[in-house]
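What follows is one structure encoded as structure tokens, with my remarks underneath.
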Amino acid sequence: MKSAAILTNRPPTGTQEWAASNVNLQDGCEHDCRYCYAKTMAIRFKRATAASWSKPRLRQHDVDRSFTRRPGRIMFPTAHDITDQNLDECLTVLTRMLAAGNDLLIVSKPRVACITRLCDELKPYHAQIVFRFSIGSTDDAVLSYWEPGAPAYQDRLDSLKTAFLEDYSTSVSGEPMLDGDPDALIAAVSMFVTDSIWLGKINRLRNILPLNCPRDPEAVRRGEALMATQTDAAIRALYARHRHDPKIKWKDSIKAIIGLHRPTAAGLDE
Ligand code: SF4
Numbered sequence: 076m077k078s079a080a081i082l083t084n085r086p087p088t089g090t091q092e093w094a095a096s097n098v099n100l101q102d103g104c105e106h107d108c109r110y111c112y113a114k115t116m117a118i119r120f121k122r123a124t125a126a127s128w129s130k131p132r133l134r135q136h137d138v139d140r141s142f143t144r145r146p147g148r149i150m151f152p153t154a155h156d157i158t159d160q161n162l163d164e165c166l167t168v169l170t171r172m173l174a175a176g177n178d179l180l181i182v183s184k185p186r187v188a189c190i191t192r193l194c195d196e197l198k199p200y201h202a203q204i205v206f207r208f209s210i211g212s213t214d215d216a217v218l219s220y221w222e223p224g225a226p227a228y229q230d231r232l233d234s235l236k237t238a239f240l241e242d243y244s245t246s247v248s249g250e251p252m253l254d255g256d257p258d259a260l261i262a263a264v265s266m267f268v269t270d271s272i273w274l275g276k277i278n279r280l281r282n283i284l285p286l287n288c289p290r291d292p293e294a295v296r297r298g299e300a301l302m303a304t305q306t307d308a309a310i311r312a313l314y315a316r317h318r319h320d321p322k323i324k325w326k327d328s329i330k331a332i333i334g335l336h337r338p339t340a341a342g343l344d345e
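Here you go:
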């Protein structure tokens with residue numbers, strides 16, 4: 076289902092490329108990704124510390140709120156994930172948004188147990204949902220370093236297969252790309268993707284790491300090594316290899332290098 080878009084003054088970036096609005100229900104996230112921009116902003120505005128971010132607090136008023144039909148697609152969540160700990164509350168909020176007639180983009184570093192239950196319980200609204208699973212690498216050593224609390228690669232791939240076999244619209248986010256081999260990711264997930272595979276660079280890492288990982292020279296070293304795999308030349312070569320693949324979509328960080336058209340409205344998902 077294609078949702079309406081929201082006009083913006085500047086080309087949308089980040090989550091605005093994907094959805095017109097977003098909904099969250101907790102502060103903090105147990106996945107504790109080292110590159111997490113939501114964590115950086117929470118630290119900057121003194122809503123969390125580098126240590127407290129991984130111990131989330133549910134916001135009960137956001138679990139209890141009601142919803143009306145919104146223009147454009149809603150992304151859920153953008154500043155935490157759907158986990159064993161908050162699955163009941165996420166299902167409550169998701170069901171309420173869907174019952175109000177909203178189109179949802181459900182984004183997660185997924186666990187099979189959570190996705191199986193979502194697929195099952197949200198089936199009546201299946202046409203209103205796109206699942207987008209974040210998989211930045213097929214290498215568990217890479218994933219466990221950058222996303223220490225998040226599920227392993229196989230759990231994420233199995234989640235994708237689960238949603239695909241349950242006939243949901245499926246998508247993968249390879250943003251941020253976490254190694255120099257996005258081709259391996261594309262090859263592994265493509266047959267289970269009905270909608271899109273988004274690729275994007277790692278953003279703002281030199282600003283993020285000092286707050287998210289203070290006094291951590293290993294994070295700085297690995298961050299510099301990762302950014303060195305995403306030079307303009309490497310991105311142009313990646314684009315040249317996959318430009319004709321209809322499933323691949325390019326995030327703002329890549330559009331800027333290639334000179335691709337930037338959308339003029341939030342939530343166009345293009
Ligand atoms: S899963 Fe998302 S919200 Fe949670 S720490 Fe990672 S990037 Fe941040």
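Every position in the sequence shown, counted from 1, becomes a number in this note's numbering once 75 is added.
All C-beta atoms, glycine included, are put in the ideal place defined by N, C-alpha and C.
Every value quoted in this text rests on a predicted model; they were computed, and no experiment measured them.
From residue i to residue j, what distance separates their C-alpha atoms?
i    : j    : result
T167 : A308 : 46 Å
R290 : E196 : 44 Å
I333 : D320 : 16 Å
F206 : R279 : 26 Å
I173 : W273 : In the sequence on display, residue 173 carries Leu and not Ile. So the alpha carbons of these two residues sit roughly 24 Å apart.
S141 : I204 : 19 Å
L301 : L253 : 7 Å
W325 : T191 : 29 Å
T304 : Y110 : 16 Å
L335 : Y314 : 11 Å
W49  : P292 : No information on residue 49 is available, as it lies outside the stretch 76 to 345 that the chain covers here.
Y228 : E250 : 15 Å
T269 : T237 : 13 Å
A117 : R316 : 38 Å
A216 : N287 : 20 Å
M76  : D344 : At M76 the pLDDT is 47, less than 50, meaning the model places this residue with poor confidence and gives no usable figure here.
D156 : V182 : 8 Å
Quick one: what's got a C-beta closer than 6 Å to residue i's C-beta in the same chain, skipping five residues either side?
i    : result
I310 : I329, I332
S209 : K184, S248
K276 : Q305, S328
R171 : F142
Cutting at 7 Å between CB atoms, please list the residues of its own chain near residue i, excluding the five before and the five after it.
i    : result
R134 : L100, Q101, D102
V295 : L284
K198 : none
Roughly how far, in whole angstroms, is the beta-carbon of residue i from the beta-carbon of residue j, given that I think they are within contact range, below 8 Å?
i    : j    : result
T153 : T90  : 5 Å
K322 : S271 : 6 Å
P86  : P338 : 6 Å
N177 : R231 : With a Cβ gap of about 25 Å, N177 and R231 do not count as contacting.
C108 : W221 : 6 Å
G147 : S212 : Not really, about 31 Å apart at Cβ, beyond 8 Å.
A225 : H136 : So it is not a contact: roughly 27 Å between Cβ atoms.
Any chance the CB of residue i is under 8 Å from a heavy atom of the ligand SAH?
i    : result
A113 : Here the bound small molecules are the ligand SF4; the ligand SAH is not part of this structure.
Closer than 8 Å by C-beta to residue i: which residues in its own chain qualify, once you throw out the five before and the five after it? Chain order, please.
i    : result
V138 : L100, E164, T167, V168
Run through the stretch 231-313 for me and flag every whole alpha helix (DSSP H) of 4 or more residues, listed as ranges in chain order.
257-264, 280-287, 292-303
Whole runs of the beta strand (DSSP E) within the stretch 170-241, excluding any shorter than 3 residues
179-183, 204-209
Counting only runs that start and end within the stretch 114-173, where is the beta strand (DSSP E) found for 3 or more residues in a row?
149-151
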